[in-house]
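*Asks:* Got a structure for you, questions after.
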Amino acid sequence: MKSQTMKKKSYFSEFRNEGFGDKVFDICVWFLILLAVCVTLYPFVYVISVSVSSGTAVSRGDVVLFPKGFNLDAYGMVTQYKQLWISYGNTFFYTIVGTFLNIVFTCLAAYPLSRKEFFLRKKLNFFLAFTMYFSGGLIPGYMVVTGLGFYNSRWAMIIPFLLSAYNVMICRSAMEAIPEDLFENAALEGANDFIILTKIAIPLVKPTLAVLTLYYAVARYNDFFNAMLYLGKSQLQPLQMFLRRVLIIASSEILQSAGSTGAAAAAQSTLQIRYVCIVLATIPIICICPFIQKYLVKGTMLGAVKA
């Protein structure tokens, strides 16, 4: 606490001692930061405010920033809808299993590509970079997935997307930054590549792997396009497909599903139901981000040095 107070005092003392041009520059920077914060936060605050306001206030358009007539009935209606929890379970499965396999295969691909003595290193790095500029396309990808029998299967959301070339390059760069002496000493002690990878390389690139985990997890969590292509059964569809359906066509289904509370349902706004679904879909990511935030900047910079 004392150190933070001293930093604030030193910053303001430095600001007072700056010249006129530097003060104008600092003020412009702070103004732009404040503007960016307001532009970023306002949609979140507005969506949350609408979701916890009364249906009447929402229908009249009274909610501008803060809630009007605090009411959680809309949350009660949405949480009673069974398809929401089925979609939640599917999303957690795709996110947890998919992200774990993503990290495993990314490490398995990045480690040999980071080793200078690997004789296919340059060729495989070239082919890896080639896929970033020229992909197979949508139709060949669909034919491969259906040909393998993954259509309408949970594996259609996991197996075809095990690797990201960009993330493999970040992980490879992080492993290349490890001093070569560590690998040589481990090899002289009799360690094989598997032990070197699991006991030396992976522990030393934990910040980078934490960032890649966040990248993969967010991509998995928000993936609805692949689900729209490969999953026709609603029992297998993730939360984003449910959210898409509610936002576009079916928010009235939730109101009708209220059953005995039909009178209360009639008082709710379909717009409020949509915003409640958005808030419920956002909560898991907001809960996870603070735990890996400390690795975010450090891991990103490590990957950016040689990428």
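Under the working numbering, the first residue of the sequence shown is numbered 463, with each subsequent residue one higher.
C-beta atoms are modelled at their ideal positions from N, C-alpha and C, and glycine is treated no differently.
So, are the CB atoms of VAL630 and THR568 less than 7 Å apart?
*Replies:* Contact flag set, yes.
*Asks:* Tell me the start and end of each unbroken beta strand (DSSP E) in the region 581-661 that is at least 3 residues and wholly inside, in chain order.
*Replies:* Taking only runs of at least 3 residues, no beta strand (DSSP E) segment lies wholly in the region 581-661.
*Asks:* Shortest alpha-carbon distance to MET605 belongs to which of ALA618, MET594, THR593 and PHE596?
*Replies:* Among ALA618, MET594, THR593 and PHE596, the Cα nearest to that of MET605 belongs to ALA618.
*Asks:* Classify GLY560 as helix, strand or coil using the three-state DSSP reduction.
*Replies:* GLY560: helix per DSSP, three-state reduction.
*Asks:* Go ahead and pull the three-state DSSP assignment for ARG577.
*Replies:* DSSP places ARG577 in coil when its eight states are reduced to three.
*Asks:* For ALA725, I'd like the list of residues in its chain whose CB is within less than 6 Å of its CB, leaving aside the five on either flank, ordered along the chain.
*Replies:* Residue placement at ALA725 is poorly supported in this model, since its pLDDT is 47, which falls under 50; the coordinates still yield a value, given next. Nothing meets the Cβ criterion.
*Asks:* Are the C-beta atoms of PHE645 and some chain C residue less than 7 Å apart?
*Replies:* Note that chain C does not occur in the displayed structure, where there is just one protein chain.
*Asks:* Can you give me the C-alpha to C-alpha distance between THR553 and ALA679, rounded to a whole angstrom?
*Replies:* Rounded to the nearest angstrom, the two C-alpha atoms are 10 Å apart.
*Asks:* Does SER475 come out as helix, strand or coil in the three-state DSSP assignment?
*Replies:* DSSP places SER475 in helix when its eight states are reduced to three.
*Asks:* Scan the region 508-555 and note each continuous alpha helix (DSSP H) run of 4 residues or more that stays entirely inside, going in chain order.
*Replies:* Listed in chain order, the complete alpha helix (DSSP H) runs (minimum 4 residues) inside the region 508-555 are 517-522 and 535-541.
*Asks:* With GLN702 as the anchor, note down where its alpha helix (DSSP H) starts and where it stops.
*Replies:* Its alpha helix (DSSP H) spans residues 701-707.
*Asks:* Should ARG706 and PHE687 be called a contact, given that it needs their Cβ atoms to be closer than 7 Å?
*Replies:* Their beta carbons are not under 7 Å apart, which means ARG706 does not touch PHE687 by this criterion.
*Asks:* What did DSSP end up calling LYS668 once you bin it into helix, strand or coil?
*Replies:* Reduced to three states, the DSSP call for LYS668 is helix.
*Asks:* Alpha helix (DSSP H) containing ALA689: first to last residue?
*Replies:* Counting along the chain, the alpha helix (DSSP H) containing ALA689 begins and ends at 687-692.
*Asks:* Note down the Cα distance separating SER521 from LEU503, rounded to an integer number of angstroms.
*Replies:* Going by the C-alpha atoms only, they are around 23 Å apart.
*Asks:* Please classify LYS485: does DSSP put it in a helix, a strand, or coil?
*Replies:* Reduced to three states, the DSSP call for LYS485 is helix.
*Asks:* Would you kindly work out how many angstroms separate the C-alpha atoms of SER475 and VAL501, rounded to a whole number?
*Replies:* The straight-line gap from Cα to Cα measures roughly 30 Å.
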